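Comments concern the structure below.
There are 2 protein chains.
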Amino acid sequence: MAKIATVITDMFEDVEYTDPAKAFKEAGHEITTIEMEAGKSVTGKQGDATVSIDKGIDEVNPSDFDALFIPGGFSPDGLRADDRLVNFAKHFMDEKKPVFAICHGPQLLITAKTLEGRKATGFKSIQVDMEYAGATVEDKEVVVCQDQLVTSRQPDDIPAFIEQSLKLIK
Amino acid sequence: MAKIATVITDMFEDVEYTDPAKAFKEAGHEITTIEMEAGKSVTGKQGDATVSIDKGIDEVNPSDFDALFIPGGFSPDGLRADDRLVNFAKHFMDEKKPVFAICHGPQLLITAKTLEGRKATGFKSIQVDMEYAGATVEDKEVVVCQDQLVTSRQPDDIPAFIEQSLKLIK
Numbered sequence: 001m002a003k004i005a006t007v008i009t010d011m012f013e014d015v016e017y018t019d020p021a022k023a024f025k026e027a028g029h030e031i032t033t034i035e036m037e038a039g040k041s042v043t044g045k046q047g048d049a050t051v052s053i054d055k056g057i058d059e060v061n062p063s064d065f066d067a068l069f070i071p072g073g074f075s076p077d078g079l080r081a082d083d084r085l086v087n088f089a090k091h092f093m094d095e096k097k098p099v100f101a102i103c104h105g106p107q108l109l110i111t112a113k114t115l116e117g118r119k120a121t122g123f124k125s126i127q128v129d130m131e132y133a134g135a136t137v138e139d140k141e142v143v144v145c146q147d148q149l150v151t152s153r154q155p156d157d158i159p160a161f162i163e164q165s166l167k168l169i170k
Numbered sequence: 001m002a003k004i005a006t007v008i009t010d011m012f013e014d015v016e017y018t019d020p021a022k023a024f025k026e027a028g029h030e031i032t033t034i035e036m037e038a039g040k041s042v043t044g045k046q047g048d049a050t051v052s053i054d055k056g057i058d059e060v061n062p063s064d065f066d067a068l069f070i071p072g073g074f075s076p077d078g079l080r081a082d083d084r085l086v087n088f089a090k091h092f093m094d095e096k097k098p099v100f101a102i103c104h105g106p107q108l109l110i111t112a113k114t115l116e117g118r119k120a121t122g123f124k125s126i127q128v129d130m131e132y133a134g135a136t137v138e139d140k141e142v143v144v145c146q147d148q149l150v151t152s153r154q155p156d157d158i159p160a161f162i163e164q165s166l167k168l169i170k
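Just so you know, the protein sequences line up as chains A and B, in that order.
Using full-length UniProt numbering, read the first sequence as starting at 1 and increasing by one per residue.
Using full-length UniProt numbering, read the second sequence as starting at 1 and increasing by one per residue.
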């Protein structure tokens, strides 16, 4: 069983949280939702999903988690405006723990300056940002880099994203 | 009188469109709102402002405009997923016409690969993206580069943004 830190705030892409989170839980893993503040709820951009935040960023230590999940939408851009969230994400990349980022999720990894030399994908609008940040971007449904970083582009890619993510947290 | 192309879609930061647009019009300039499609309205992320789109991107030629205005919010990220909008913005940068970009506005200029060697600012969350794209980022309310590119960070900076923008379209 893996402890998966999930960083999320308002305007996340609803199914990019709900579908992977359901699959991870069904596989026996534990999801902890983390935002700037604990005790609140955040809402997806489609208005379909509301997520209760388990922990505020000041209450958690990245060393206590085995993997990081970053759902997309406009949530990652909100998170990366806070240096604490950027540093939290950087830990997982530096320690080579599994990181699962979909759609705009890689934005947080760019701001953490952790994509240099990595192979990855992301939503179309951020692909040039990712290239500038030193990543080799592949326009594929899922890209797995060094058995550690799993990235996908958009909601259509969710099944492949889940499949490859689960392989890294057996 | 300058003809100012304004590229905008849903989820723009309301006052980052309304305040500069009002000031530009009061100074005698003409604003043309441009989106992927004509004949629709787009809504700000605060829900305070709705903007009628004057022209679809396929109906306009960038040569017919004197300047480009890119309001912030999540609008620029929506626009830059469409290559036609990216190419439209590139024209103004390549031709050294005045470009006014606030908050997330510079995202469109990153995707157009036009920030290399430029001095600029932007919303905190995109500053690392801008640096990776080759810009020298200054954390100031307004940055004017080569009497052509005016950038600001956030709504608080709007008065300085308007003042410097107007100087370039006397």
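For glycine and all other residues, C-beta sits at the position ideal for the given N, C-alpha and C.
Note that the structure is predicted; figures quoted are calculated from it, not measured.
- Counting only residues of its own chain and dropping the five nearest sequence neighbours on each side, alanine 21/B has a CB closer than 6 Å to the CB of Ile31.
- Note that the region 101-110 of chain B does not touch the region 43-55 of chain B; fewer than 3 beta-carbon pairs, one per stretch, sit closer than 8 Å.
- When the alpha-carbon of methionine 11/B is set against those of Glu138/B, Gln127/B, Gly78/B, the nearest one is in Gly78/B.
- Per DSSP, serine 75/B has no beta bridge partner at all.
- Taking 8 Å as the cut-off, the beta carbon of phenylalanine 92/A is found closer than this to the beta carbon of leucine 68/A.
- Against chain A, the beta carbon of phenylalanine 74/B has neighbours under 7 Å at Phe74, listed in chain order.
- Between the C-alpha atoms of arginine 118/B and phenylalanine 161/A there is a straight-line separation of about 37 Å.
- Shown here is that no member of the region 14-43 of chain A has a Cβ falling below 9 Å from a Cβ of chain B.
- Remark: C-beta atoms of glutamate 131/A and glycine 72/A do not approach each other more closely than 8 Å.
- By a beta-carbon distance limit of 8 Å, leucine 149/B contacts alanine 120/B. Their separation comes to about 6 Å.
- The beta carbon of isoleucine 8/A sits closer than 7 Å to the beta carbons of Tyr17, Thr33, Glu35, Val42, Val51, Pro71, Ser75 from its chain, once the five residues preceding and following it are set aside; these are given in chain order.
- Between isoleucine 102/A and the set Val128/A, Glu37/A, Asp157/A, the nearest pair of CA atoms involves Asp157/A.
- Residues of the region 90-112 of chain A with a Cβ closer than 9 Å to any Cβ of chain B, in chain order: His104, Gln107, Ile110, Thr111, Ala112.
- Against chain A, the CB of aspartate 157/B has no partner CB under 8 Å away; the residue lies outside that interface.
- Cysteine 103/B is not bridged by DSSP to any residue.
- Relative to the Cα of glycine 122/A, the nearest Cα in the group Lys167/B, Phe24/B, Gln154/B, Ala81/B belongs to Ala81/B.
- As DSSP reads the structure, lysine 119/B sits in a beta bridge with Thr136/B.
- Straight-line measurement puts the Cα of serine 63/B at about 56 Å from the Cα of alanine 2/A.
- Per DSSP, the continuous alpha helix (DSSP H) segment holding lysine 90/A begins and ends at 83-94.
- For alanine 67/B, the uninterrupted beta strand (DSSP E) run begins and ends at 67-70, by DSSP.
- Chain-order list of chain A residues neighbouring lysine 124/B: Ala81, by C-beta distance under 7 Å.
- Only exposed fits glutamine 146/A, as fewer than 16 other CB atoms lie within 10 angstroms of its CB.
- If you look at threonine 18/B, you'll find it in the alpha helix (DSSP H) that goes 14-26.
- The beta-carbon of aspartate 10/A is placed no less than 8 Å from the nearest beta-carbon of chain B.
- Secondary structure at alanine 160/A: helix, using DSSP grouped into helix, strand and coil.
- Per DSSP, lysine 3/A is one residue of the beta strand (DSSP E) stretching across 3-7.
- Sequence-distant Cβ neighbours of alanine 49/A in its own chain, meaning closer than 7 Å and more than five residues away, are Asp14, Tyr17, Thr18.
- DSSP, read as helix, strand or coil, puts isoleucine 31/A in strand.
- DSSP lists Ser52/A as the bridge partner or partners of serine 41/A.
- Inter-residue distance for glutamate 141/A and valine 128/A is about 17 Å (C-alpha atoms, whole angstroms).
- DSSP places valine 128/A in the helix class (H, G or I) of the three-state scheme.
- Among the CB atoms of chain A, one or more fall inside 8 Å of the CB of alanine 133/B.
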